[in-house]
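Asker: Under numbering that gives the first Met the number 0, the residue at position 401 of the first sequence is numbered 400, and the numbers go up by one with no gaps. Think of the CB as a built atom: it goes at the ideal place given N, C-alpha and C, for glycine as much as any other residue.
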Amino acid sequence: MEKFKEIVIKILEDYFGNTFSREELESSVKIQDVSGKKRNPNFGEIAYQIFDFAKLCELNDASSLAREVADELTLDERISRVEAVGPYINFHFDRNALIEGILNEVEEEGEKFGSNNSGEGKLVVLDYSAPNIGKPLHVGHIRSTILGDSIIRILNFNGYKTHGINYLGDVGLHIGKIIYAFKQWGDSAKIEANPEQEILDLYIKFCKLEEKDEALTKKAKKEVELLEKGDLESKRIHRFIEEMSLRAFDRVYDMLNVSFDETTGQSRFSEKGKQVIHEALKKGKAELTEDGAVAVDLSEYGLPRKMVLRSDGTAIYSTQDIGAAIHRKERFDFDKLLYVVATEQELYFKQLFAILDKFGYKWAKNCFHVNFGMINLPEGRMSTREGALVYLEEVLNKSIDAARRIIEEKSPGIPNKDEVARMVGVGAVKYMVLSVDYSKPIEFSWDRALNIEGNSAPYIQYSFARANSILERIGRKPEGFSPEHLDTDIEFDLVRKIGMLPTAVKFAGLGYKPHIIANYANELSGMFNTFYNKVRVKDSGEKLGSRLRLVSAYMTAVQNAMSLLGIKMPRKM
RNA sequence: GGGCCUGUGGUGUAAUGGAUGCUUCUGCCAUAAAGCACAACCGGCUUCGGACCGGUUAAUCGGGGUUCGAAUCCUCGCAGGCCCA
0 MEKFKEIVIK ILEDYFGNTF SREELESSVK IQDVSGKKRN PNFGEIAYQI
50 FDFAKLCELN DASSLAREVA DELTLDERIS RVEAVGPYIN FHFDRNALIE
100 GILNEVEEEG EKFGSNNSGE GKLVVLDYSA PNIGKPLHVG HIRSTILGDS
150 IIRILNFNGY KTHGINYLGD VGLHIGKIIY AFKQWGDSAK IEANPEQEIL
200 DLYIKFCKLE EKDEALTKKA KKEVELLEKG DLESKRIHRF IEEMSLRAFD
250 RVYDMLNVSF DETTGQSRFS EKGKQVIHEA LKKGKAELTE DGAVAVDLSE
300 YGLPRKMVLR SDGTAIYSTQ DIGAAIHRKE RFDFDKLLYV VATEQELYFK
350 QLFAILDKFG YKWAKNCFHV NFGMINLPEG RMSTREGALV YLEEVLNKSI
400 DAARRIIEEK SPGIPNKDEV ARMVGVGAVK YMVLSVDYSK PIEFSWDRAL
450 NIEGNSAPYI QYSFARANSI LERIGRKPEG FSPEHLDTDI EFDLVRKIGM
500 LPTAVKFAGL GYKPHIIANY ANELSGMFNT FYNKVRVKDS GEKLGSRLRL
550 VSAYMTAVQN AMSLLGIKMP RKM
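So this is what it looks like as structure tokens:
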């Protein structure tokens, strides 16, 4: 539809000359949606709203102005009629031209259909997932991981180059606690048998004792210091914890079909950060506090002062994050750096970007925090130390099991049951997270996570499998096409909706909003199902070839959309 | 105490600030306006796959304001979450 929109913009450019810029016109020209009850055939396919022009003419009566302008436009043979309705000028395209145009576009572009090159030549670095080593991935981690992954896919589809970084939390007090507990109570036999669980148990044990005995916190801090000084035993344990964690993380990332261009630890950037901070201190951009720590005053940014180094000179999160950001700029010269991190860190990132700006890094304005709402349990927030967790792996496994049970029940005959169960089960969980605007909080519930009805991945996957089944049963290439064969309303609407994928991709890319794609895929599939119920493809005589082309175009569009969410589509389920 | 985010039917969610029909002022036209899904209720089809389709009921937290037009922007509250102190 973008191409048809272009035609309308050209017509308006001819009419208005220099009155409006291209951008202004573009924002006043809308593609009519066809979903649900929004569809109104009287509104045509593309509409121009005349409010801006009315304001310019200082007219209150936009309706009659619209009529006047509509009469004076110079048209094109692809447009069958132009009609002013209220303050809108509605462009009705020739139905056949529209159908043929869209179906051709889908077939020519194939798996690239929906993409554009607006981001060509630009590089975006993303920091996402970023779990702490020594702790398991829980459902709180899923949003960053999946959002980051999907945003990368969407940016790539918009022509951007990307570099995705999993920035592990491999330092900090929690590591000190684990190392201390490991040295004190670690039982090598138990650890060998089940390292991940044992590391977690040690951590929880420490936290419980710490509540009664504050001296333990100091001991954990000692461990952090020891580690930073390069104590061999500490380093060995640290490496072990990291290895175990990475192995566990990879298992889950693999299930999620998420991968990173780079996995690195915060600790690598301590030195870089310290160096930068010391320079800033010399230049007077940072200051020593009463107790000898280093802080940056951010009152000029309307933000609270931020600590960047401890009084003992050791690094903290901000030290490393400053170092890491600068390192990334030097290494990649990115156009944008995106941190996909929960909203609880919002102030922290504002401070981080302000510090970079204050230190003289002009590119600080190209850093952006995608601050998504948290995933909470009904009983409150998740906490590793209290053991109040729902493990991500458990969620995925349960969902896969649920999918497998349904497959056994409804379609026991299909091949690759396990693989399909994975696609469906994992898809359901991912979709649950991605279909909601990221700024909203999500309350986790098993019912929600395992939902397979309505607005869900399995619903979309099922529609796709049905479409595939039609093609397989007929087993012939589409031939004998004529746009006139697709003569019902639902067919026309379905074609138009297919044609809207590029628009959805564009908007999703601008706002880093995968939920736009999720919604699109759902609406598109809903329309396909309506089509499926109303229009028979098999035995449809001379219309067969045309209908096959439509089914196949639907499959391309929905598959491309779902691939932007990282959700695989089984051909049978 | 200060700041940020969220608030849409019973539930979960969507909506770049956009749909206001015509008119000889008498009438004419219209599902004349917040979409989807779940749940509930009614129905269809199960002859290309029922993990389906059609229909009914039902919502913008409250008060002011800006605008030709507000779920959306501003403001004062309320509720929930988070951050800083």
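Could you tell me the alpha carbon to alpha carbon distance between Pro482 and Ile489, rounded to whole angstroms?
Answerer: In a straight line, the C-alpha of Pro482 is about 14 Å away from that of Ile489.
Asker: In or out: Glu76 buried (at least 16 other Cβ within 10 Å) or exposed?
Answerer: The residue in question, Glu76, is exposed, as its Cβ has fewer than 16 Cβ neighbours within 10 Å.
Asker: Spell out the partners DSSP gives Asn165 in its beta bridges.
Answerer: Partner(s): Thr262.
Asker: From the DSSP secondary-structure annotation, give me the bridge partner or partners of Phe331.
Answerer: Answer is none; Phe331 lacks a bridge partner.
Asker: Less than 7 Å between C-beta atoms, sequence neighbours within five positions excluded: which residues of the same chain meet that for Arg570?
Answerer: Around Arg570: Ala464 and Asn467.
Asker: If you reduce the DSSP assignment to three classes, tell me which class Cys56 lands in.
Answerer: Coil.
Asker: Going by other Cβ atoms of all chains shown within 10 Å of its Cβ, with 16 needed for buried, is Asn450 buried or exposed?
Answerer: With 16 or more other Cβ atoms within 10 Å, it is buried.
Asker: Going by DSSP, which residues form a beta bridge with Gln274?
Answerer: Beta-bridge pairing links Gln274 to no other residue.
Asker: Start and end of the beta strand (DSSP E) containing Leu201?
Answerer: Per DSSP, Leu201 belongs to no beta strand (DSSP E); it is in the alpha helix (DSSP H), Pro194 to Lys211.
Asker: Could you spell out where the alpha helix (DSSP H) holding Arg246 opens and where it closes?
Answerer: Segment Leu231 to Leu255, the alpha helix (DSSP H) holding Arg246.
Asker: Leaving out five residues on either side along the sequence, give the residues of the same chain with a beta carbon under 8 Å from the beta carbon of Ile406.
Answerer: Excluding residues within five positions, the ones whose Cβ falls inside 8 Å are Ile413, Lys416, Val419, Ala420, Val423 and Met572.
Asker: Check whether the region 423-436 touches the region 171-186, taking contact to mean three or more Cβ pairs, one atom from each stretch, closer than 8 Å.
Answerer: Not touching, per the Cβ criterion.
Asker: Classify Met431 as helix, strand or coil using the three-state DSSP reduction.
Answerer: Helix at Met431.
Asker: Is Ala129 helix, strand or coil when you go by DSSP?
Answerer: Reduced to three states, the DSSP call for Ala129 is coil.
Asker: Helix, strand or coil: how does DSSP classify Asn115 here?
Answerer: Coil, per DSSP.
Asker: First and last residue of the alpha helix (DSSP H) that includes Val494?
Answerer: Unbroken alpha helix (DSSP H) run through Val494: Asp488 to Ile497.
Asker: Give the C-beta separation of Glu345 and Asn370 to the nearest angstrom, bearing in mind that I take them to be a contact with Cβ-Cβ under 8 Å.
Answerer: Indeed they touch by this definition, with Cβ atoms about 5 Å apart.
Asker: From Ile515, Ser62, Tyr553 and Leu102, pick the residue whose C-alpha is nearest to that of Phe530; which is it?
Answerer: Out of Ile515, Ser62, Tyr553 and Leu102, Tyr553 has the C-alpha closest to the C-alpha of Phe530.
Asker: Would Ile145 and Ile516 be called neighbours here (beta carbons separated by less than 8 Å)?
Answerer: The answer is no: Cβ separation not under 8 Å.
Asker: Apart from the five residues just before and just after Ser438, which ones in its own chain have a Cβ nearer than 7 Å to its Cβ?
Answerer: Same-chain partners within the cutoff: Phe371 and Gly372.
Asker: Compare the beta carbon distance of Val105 and Ile497 with 8 Å and say whether it is the shorter of the two.
Answerer: Yes.
Asker: Cβ atoms of Phe156 and Ser114: under 8 Å apart, would you say?
Answerer: Yes, the Cβ-Cβ distance between Ser114 and Phe156 is below 8 Å.
Asker: Should Pro440 and Ile150 be called a contact, given that it needs their Cβ atoms to be closer than 8 Å?
Answerer: It is not a contact, given that the beta carbons lie outside the stated cut-off.
Asker: Report the option in Phe248, Ser258, Gly175 and Thr487 whose CA atom is closest to the CA atom of Lys228.
Answerer: That would be Gly175, whose Cα lies nearest to the Cα of Lys228.
Asker: Tell me the residue span of the beta strand (DSSP E) that contains Ala46.
Answerer: First-last of the beta strand (DSSP E) with Ala46: Ile45 to Gln48.
Asker: So what does Tyr437 bridge to, in DSSP terms?
Answerer: Looking at the DSSP assignment, Tyr437 forms no beta bridge with any residue, so it has no partner.
Asker: Start and end of the beta strand (DSSP E) containing Arg80?
Answerer: Looking at the DSSP string, the run of the beta strand (DSSP E) that includes Arg80 is Ile78 to Val84.
Asker: What does Tyr531 pair with, by DSSP beta-bridge criteria?
Answerer: Looking at the DSSP assignment, Tyr531 forms no beta bridge with any residue, so it has no partner.
Asker: Give me the residue from Ile276, Lys189, Glu224 and Pro194 with the minimum Cα distance to Glu241.
Answerer: Out of Ile276, Lys189, Glu224 and Pro194, Pro194 has the C-alpha closest to the C-alpha of Glu241.
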